[in-house]
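Engineer:
Residue numbers (our numbering): 51 to 241.
Below you can see the structure in the form of structure tokens.
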């Protein structure tokens, strides 16, 4: 059941998982979108949780940290042995023993999720978040909101929903991060 929050910080006390590509570089449009997403979520009062490493995970973390938000990174040091650890904007690092545990942790600790541009890892996270939302309905729970940014995800999710004859409505496709954050605020604060 959504909690009521003041209008200045509508997401105060909420945690939002943000998924995205590890290859995005500072200055690129995707990276800038990640920074904007993290900053908007932090300004709304939410903590952000990402995979904790580089690319869009770093961009979201940077945006949130610079806006005064709490940043959680769920890393997998046993899998990514060549990575030196969480990006410098992560305030709280959680170490998962495997990629599947990392995804479970990201989704379990969050109140909602947003998928930015990405590849197989981001697709996997989006699919698991979608599946968890689907299953929550059978447990008489409100599904956690899942937002996917961009036409690419809309095409993929629509195709999968049609092929698998499943509920397309559990993933909300939006054109940009501003629409994702606005929709997420509405979803988490509406009675």
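Beta carbons: idealized from backbone N, C-alpha and C, even for Gly. The structure presented is a predicted model; accordingly, all values stated were derived computationally and were not measured.
#1: Can you have a look at residue 163 and say buried or exposed, based on whether 16 or more other CB atoms are within 10 angstroms of its CB?
#2: Report yes or no: do the segment 125-141 and the segment 187-194 share at least 3 C-beta pairs separated by less than 8 Å?
#3: Can you give the Cα-Cα distance for residue 112 and residue 234, rounded to whole angstroms?
#4: I'd like the list of long-range same chain contacts for residue 66, defined as Cβ closer than 8 Å, with 5 residues on each side in sequence excluded.
#5: Quickly, what does DSSP pair residue 163 with across the bridge? List them, please.
#6: Which residue wins for smallest C-alpha separation from residue 203, given the options 101, 217, 222?
#7: Less than 7 Å between the beta carbons of residue 126 and residue 140, yes or no?
#8: Runs of 3 residues minimum, wholly inside the segment 68-111: which ones carry the beta strand (DSSP E) assignment?
Structural biologist: Judging by the given coordinates:
#1: Counting from 1 along the chain shown, the entry for residue 163 is found at position 113. Residue 163 counts as buried, since at least 16 other C-beta atoms from the protein chains shown sit within 10 angstroms of its C-beta.
#2: Counting C-beta pairs closer than 8 Å gives fewer than three between the segment 125-141 and the segment 187-194, which falls short of the contact rule.
#3: Reading the chain shown from its first residue, position 62 is the one you call residue 112. Reading the chain shown from its first residue, position 184 is the one you call residue 234. Residue 112 and residue 234: Cα-Cα distance of roughly 20 Å.
#4: Within the chain shown, numbered from 1, the residue matching residue 66 stands at position 16. Taken in chain order, the residues that qualify are 91, 96, 97, 98, 99, 160, 161, 162, 163, 164, 234.
#5: As a working note, residue 163 is residue 113 in the chain shown. Residue 163 has 67, 196 as its beta-bridge partners, per DSSP.
#6: As a position in the chain shown, residue 203 is number 153, starting the count at 1. The residue with the shortest Cα to Cα distance from residue 203 is 222.
#7: In the chain shown, counting from the first residue as 1, residue 126 sits at position 76. In the chain shown, counting from the first residue as 1, residue 140 sits at position 90. Taking 7 Å as the Cβ cut-off, residue 126 and residue 140 do not qualify as a contacting pair.
#8: Complete beta strand (DSSP E) runs here, min 3: 97-100.
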